Amino acid sequence: MGSDSENEKSIKEKKKVVTLAPIAKPFAGKKLCKRTLKLVRKASESKCLKRGVKEVVKSIRRGNKGLCVIAGNISPIDVITHVPILCEESDIPYIYVPSKEDLATAGTTKRPTCCVLVQTKPTKGELDQDVQEKLQKEYQQVVADVVEVTSSLF
Numbered sequence: 001m002g003s004d005s006e007n008e009k010s011i012k013e014k015k016k017v018v019t020l021a022p023i024a025k026p027f028a029g030k031k032l033c034k035r036t037l038k039l040v041r042k043a044s045e046s047k048c049l050k051r052g053v054k055e056v057v058k059s060i061r062r063g064n065k066g067l068c069v070i071a072g073n074i075s076p077i078d079v080i081t082h083v084p085i086l087c088e089e090s091d092i093p094y095i096y097v098p099s100k101e102d103l104a105t106a107g108t109t110k111r112p113t114c115c116v117l118v119q120t121k122p123t124k125g126e127l128d129q130d131v132q133e134k135l136q137k138e139y140q141q142v143v144a145d146v147v148e149v150t151s152s153l154f
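Per UniProt numbering, the very first residue in the sequence shown carries number 1; after that it's consecutive.
Structure follows, in structure tokens:
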């Protein structure tokens with residue numbers, strides 16, 4: 001009997017459905033989501049990442065550029081409804097990913113994160129030239145894909 005309940009739990013975990021917010025558009029597909037989270041991880045390691053709504057909004061208002069990645073399973077949705085508007089006003093590309101837990105894991109933090117802003121340059125200090133080039137290249141690829149998804153949506 002013990003194996004049956006363990007089996008049921010694993011089936012439930014596999015079929016875990018992520019409840020998305022109705023405003024989660026443009027939404028990253030599987031491949032783009034994977035590449036975006038990989039970019040977030042690299043930016044976090046390079047200290048080129050702003051985490052959380054408060055930091056992201058402050059950074060956008062100060063005129064910093066980058067890629068905004070927003071979690072699609074935020075509840076209540078009012079927490080992040082103003083972020084896409086700020087991004088559009090500042091010409092910052094943004095994309096929704098399925099879960100805030102995955103976004104936090106990619107951002108190397110334990111707390112679930114609503115949104116992050118991936119920048120190409122760290123706020124303090126400098127990066128090695130090769131690390132900077134790799135981050136910039138991957139950033140450009142992901143932004144191109146995000147712009148393509150966004151343009152097909154509107």
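Glycine included, every Cβ here is placed at the ideal spot set by N, Cα and C.
Given the structure is predicted, the values throughout are model-derived calculations rather than measurements.
Check: Exposed or buried, which one is Asp78 when buried takes at least 16 other CB atoms within 10 Å?
Finding: Flag for Asp78 reads exposed.
Check: If you draw a straight line from the C-alpha of Leu135 to the C-alpha of Val57, how long is it?
Finding: 22 Å
Notebook entry, point to check: How long is the line joining the alpha carbons of Ile92 and Gln119, rounded to whole angstroms?
Noted result: Distance between the alpha carbons of Ile92 and Gln119: 11 Å.
Margin query: Which same chain residues end up closer than 6 Å to Thr150 when comparing Cβ atoms and leaving out the 5 residues on each side of it in sequence?
Written below: The answer, listed in chain order, is Pro26.
Item checked: Rounded C-alpha distance that separates Glu45 from Glu138 -> 14 Å
Check: In angstroms, rounded to a whole number, what distance separates the CA positions of Arg41 and Thr108?
Finding: 7 Å
Item checked: Buried versus exposed, by CB contacts within 10 Å (16 or more), Pro84 -> buried
Next item on the list: Select from Gly66, Ala21, Leu20 the residue whose C-alpha is nearest the C-alpha of Glu88.
Entry: Across the set Gly66, Ala21, Leu20, the C-alpha of Gly66 shows the shortest separation from the C-alpha of Glu88.
Check: Going by C-alpha distance, which of Val147, Ser59, Cys114 is nearest Leu103?
Finding: Cys114
Check: Where do the N-terminal and C-terminal ends of the alpha helix (DSSP H) with Ile60 fall, by residue?
Finding: 53-61
Notebook entry, point to check: Where does the unbroken alpha helix (DSSP H) through Cys87 begin, and where does it stop?
Noted result: 82-89
Note to self: Spatial neighbours of Ile80 within its chain, please: C-beta separation below 7 Å, excluding the five flanking residues on both sides.
What the structure shows: Val53, Ile70, Ile74, Cys114, Cys115
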